[in-house]
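Per the numbering used here, the sequence shown runs over residues 6 to 256.
Even for Gly, the Cβ is constructed at its ideal location relative to N, Cα and C.
Taking it in order: structure first as structure tokens, then the write-up.
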Amino acid sequence: MPRNASSPVALVTGAAKRLGLAMATHLHQQGYNIIVHFGGSKEDALTQVATFNALRSNSAVALEANLCDIQQVEALAEQSLAKWGRIDVLINNASSFYPTPLGNIGVQDWTSLVGSNVQGPLFLSQALHAALKAQCGCIVNMVDMHIDRPLPHHSVYSLAKGALATLTKSLALDMAPDVRVNAIAPGAILLPERALTEQEKQQMLASIPLGELGRSEDIAQTMAFLVNSPYITGQIVYVDGGRSLHTGASA
Numbered sequence: 006m007p008r009n010a011s012s013p014v015a016l017v018t019g020a021a022k023r024l025g026l027a028m029a030t031h032l033h034q035q036g037y038n039i040i041v042h043f044g045g046s047k048e049d050a051l052t053q054v055a056t057f058n059a060l061r062s063n064s065a066v067a068l069e070a071n072l073c074d075i076q077q078v079e080a081l082a083e084q085s086l087a088k089w090g091r092i093d094v095l096i097n098n099a100s101s102f103y104p105t106p107l108g109n110i111g112v113q114d115w116t117s118l119v120g121s122n123v124q125g126p127l128f129l130s131q132a133l134h135a136a137l138k139a140q141c142g143c144i145v146n147m148v149d150m151h152i153d154r155p156l157p158h159h160s161v162y163s164l165a166k167g168a169l170a171t172l173t174k175s176l177a178l179d180m181a182p183d184v185r186v187n188a189i190a191p192g193a194i195l196l197p198e199r200a201l202t203e204q205e206k207q208q209m210l211a212s213i214p215l216g217e218l219g220r221s222e223d224i225a226q227t228m229a230f231l232v233n234s235p236y237i238t239g240q241i242v243y244v245d246g247g248r249s250l251h252t253g254a255s256a
């Protein structure tokens with residue numbers, strides 16, 4: 006349990022929508038004050054903060070930062086800590102995701118995908134280490150089931166998520182015993198924002214042993230389990246309906 010008697014505080018990156026929103030909502034329901042980080046989803050972030058604050062006064066704030074910019078990352082950490090004077094939980098959820106076919110990979114692809122998926126989490130975790138240590142807090146990183154089997158035509162994204170998985174284990178060692186660090190590897194939880202054909206949907210479902218897509222609540226519940234498990238650190242939990250058990254690019 007946090008040492009400070011006031012409400013615990015969670016910073017969730019990319020919390021304006023999708024899985025980040027689900028995790029932020031779950032933590033808010035558990036009594037946490039929430040820092041809703043956003044990059045390009047300002048309207049969604051402000052709407053969600055208003056919802057949280059309507060449920061519990063002064064329980065949420067929205068902060069903007071480009072996680073590819075280390076100065077902005079460090080400013081995000083400083084502003085987050087200044088709001089309530091503590092950070093108990095850091096959820097490194099924000100992520101860029103798009104294909105990078107070999108032969109067409111540019112420096113901007115590297116900057117965007119590595120910056121958002123591993124550089125940002127590294128420097129944000131470092132900047133908040135002392136604050137997390139003061140509360141015996143924890144970090145949960147969002148990786149991907151493809152860390153073990155790269156997604157075709159997504160080499161930079163797969164590399165970045167693989168690096169974040171390794172970073173999870175490294176930080177678990179470096180931050181012990183005061184701060185725990187774990188990760189979640191989601192499978193097909195929400196359909197991609199781009200439209201899928203019916204054939205693509207059926208192919209995806211056929212690759213999942215449990216036969217259905219996961220729910221955002223599955224990720225939120227796993228996150229809560231890791232946050233509330235004081236003897237677990239350095240672990241990566243797959244939440245993919247068994248999809249990672251398959252082999253081959255089609256999985």
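The segment 109–116 makes no contact with the segment 237–250: fewer than 3 CB pairs, one atom from each, lie closer than 8 Å.
For the pair Ala136 and Ile92, the CB atoms are nearer than the 8 Å cut-off. Residue pairing by DSSP places Val17 opposite Val41, Ile96 in a beta bridge. Rounded to the nearest whole angstrom, the C-alpha separation of Val186 and Glu79 is 19 Å. Bounds of the alpha helix (DSSP H) holding Val232 are 221–232. Here Asn38 is near Trp89, since their CB atoms are less than 8 Å apart.
Spatial neighbours of Leu231 in its own chain (CB-CB distance under 6 Å, excluding positions within 5 residues in sequence) are listed in chain order as Val145, Asn187. DSSP places Pro126 in the uninterrupted alpha helix (DSSP H) bounded by 125–132. Within the model, the alpha-carbon separation for Ser117 versus Lys138 is close to 29 Å. Going by beta carbons, Thr238 and Ala181 fall inside the 8 Å limit. Counted as a single uninterrupted DSSP element, the alpha helix (DSSP H) harbouring Leu210 occupies residues 203–211. With fewer than 16 other Cβ atoms from the protein chains shown falling within 10 Å of its own Cβ, Tyr103 counts as exposed.
Looking from the CA of Asp223, the closest CA among Ser160, Gly25, Lys206, Ser64 belongs to Gly25. With a contact defined as Cβ atoms closer than 8 Å, Leu95 and Gln84 miss out at about 14 Å. Boundaries cannot be given for Arg61, as no alpha helix (DSSP H) includes it and DSSP labels it neither H nor E.
Tyr243 is positioned such that its CB atom lies closer than 8 Å to that of Met150. In the same chain as Ser101, and ignoring 5 residues on each side of it, the C-beta atoms closer than 6 Å to its own belong to Ser117, Leu118, Ser121, in chain order.
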